[in-house]
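Residue numbers (our numbering): 587 to 663.
Cβ atoms here follow ideal geometry from the backbone N, Cα and C, with glycine treated the same way.
These figures come from a predicted structure and were not determined experimentally.
Have a look at the structure below, then the notes.
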């Protein structure tokens with residue numbers, strides 16, 4: 587188990603809102619980067635690009651919490 591501490595942002599992720607899956611990619615969180623990328627592509631294709639802003643807002647609202655949960659599950663405190 588990893589006993590190191592890691593500071594993570596909490597709350598709304600403005601970087602995820604403006605830059606999509608790239609903050610997750612730069613943090614090394616490949617799972618959430620792939621999920622965001624695929625959902626953005628699928629929703630963008632279905633709605634001709636207009637629905638991507640809705641998915642961007644949703645991911646921005648949930649991403650930091652999910653990232654924190656994944657780190658805790660991996661043993662970080």
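Below 8 Å between beta carbons: does that hold for residue 611 and residue 619?
-> yes
Per-residue DSSP class, three states only, for residue 656 | helix
So, helix, strand or coil for residue 617, using DSSP?
-> helix
Which value, in whole angstroms, describes the spacing of the CA atoms of residue 628 and residue 662?
-> Distance between the alpha carbons of residue 628 and residue 662: 33 Å.
In terms of residue numbering, what span does the alpha helix (DSSP H) encompassing residue 612 cover?
-> 608 to 612
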